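Worksheet: the structure to be examined is printed underneath.
Numbering (my numbering), first residue to last: 79 to 411.
Structure follows, in structure tokens:
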């Protein structure tokens, strides 16, 4: 069950109103509000639903034709008509991860050096906000369909017990107690529960202060990392060391490269490394932390490249025959 991140928009130039055209005598415009962004996200969300439907159809066909990795991991799940809720949960998870990737890329572009031949910054900011909201909705739908499948699967208990068990397994960290999910599901839940407040804090940044909001905003990347980690651990579509898992790793290369570029040449002058101790520059401890962050990001880029090139990406070896029994009692991703 992959549960991606919901990155929030990069900081605007002001926290209240801004000038249309950037001049002091221009028309003043209100800062983005949640209601307006929800309306603006309708086309983006519609596209996400279309992508989810396409992924669902692909997973259905693969299960019917016997090529599904999910059915290879859990042979009892070889009937798409019986396990359609599970397939839909997977489809929402993959579209959520794709949208999270896109909104992270937009955020890194906005916070890094200005590139040529890009849409206006205001347009990029709007895309960043709407894709962030769509990602959050997809994440929740992914978890909700997983819970719905658990309710459907557990036919022995009473309805109240089934609903509670499914809710706890899907939304309460540490409750799910079967197989790899004991680790992977709390990681995904952590991504969801961090993404929700981080996404909504953008719309109250004038109350908490721009500086506080910027500091909290940096945790968005951790949300995305948790989402990818959750997928690599628990996604049966990337369970084996085959091309889908390799593609997932390769998609992290542009994210890592943009992160290095953003750390090396941030858009905000206050975040630039410079020399420690100079007037207006960071003090030595802060400078050391920033330098360490840049070195860590460079090491991550090198690690991702090494994984993708070597093929040692942590994938399991596909067995010659199906496992003797289901690896998880509750079903897993």
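We put the beta carbon where it would ideally sit given N, CA and C, even for glycine. If you're wondering where the values come from, they're calculated on a predicted model, not measured in any experiment.
In the structure shown, residue 254 falls within a coil segment according to DSSP collapsed to helix, strand and coil. With 16 or more other Cβ atoms inside 10 Å of its own Cβ, residue 208 counts as buried. Residue 394 has 318 as its beta-bridge partners, per DSSP. Here the alpha carbon of residue 365 sits roughly 28 Å from the alpha carbon of residue 284. Collapsing the DSSP output to three states places residue 247 in a helix. Fully enclosed alpha helix (DSSP H) runs of no fewer than 4 residues are not present anywhere in the stretch 180–219. For residue 150, the closest alpha carbon among the candidates 314, 301, 111, 158 is that of 314.
Between the C-alpha atoms of residue 248 and residue 234 there is a straight-line separation of about 19 Å.
Straight through space, the alpha carbons of residue 168 and residue 238 are spaced by roughly 25 Å. Distances from the alpha-carbon of residue 134 to those of 165, 109, 145, 159 put 165 closest. Sequence-distant partners of residue 122 (beyond 5 residues in either direction) whose C-beta falls short of 7 Å from its own C-beta, in its chain, are 208, 209, 212. The beta carbon of residue 244 lies closer than 7 Å to those of 225, 228, 229 in the same chain, with the five residues before and after it left out. Going by beta carbons, residue 282 and residue 334 fall outside the 8 Å limit. Contact check for residue 246 against residue 253 passes: the beta carbons are separated by less than 8 Å. Within the model, the alpha-carbon separation for residue 396 versus residue 192 is close to 45 Å.
In terms of Cα proximity to residue 120, the closest of 330, 139, 205, 341 is 205. With respect to residue 302, residue 182 sits close: the two C-beta atoms are nearer than 8 Å. When C-alpha distances from residue 270 are compared across 305, 173, 371, the shortest belongs to 305. Taking a C-beta distance under 8 Å as the contact criterion, residue 339 and residue 114 do not qualify as a contact pair.
Here residue 170 has 130, 216, 219, 220, 223 as same chain residues with Cβ atoms under 7 Å from its own Cβ, once five neighbours each way along the sequence are excluded. The beta-carbon separation of residue 188 and residue 176, rounded to 19 Å, does not stay under the 8 Å limit for a contact. Distance check between residue 278 and each of 367, 265, 295 places 295 closest, using alpha-carbon atoms only. Where residue 136 is concerned, the enclosing alpha helix (DSSP H) starts and stops at 120–142.
For residue 290, the uninterrupted alpha helix (DSSP H) run begins and ends at 288–295, by DSSP.
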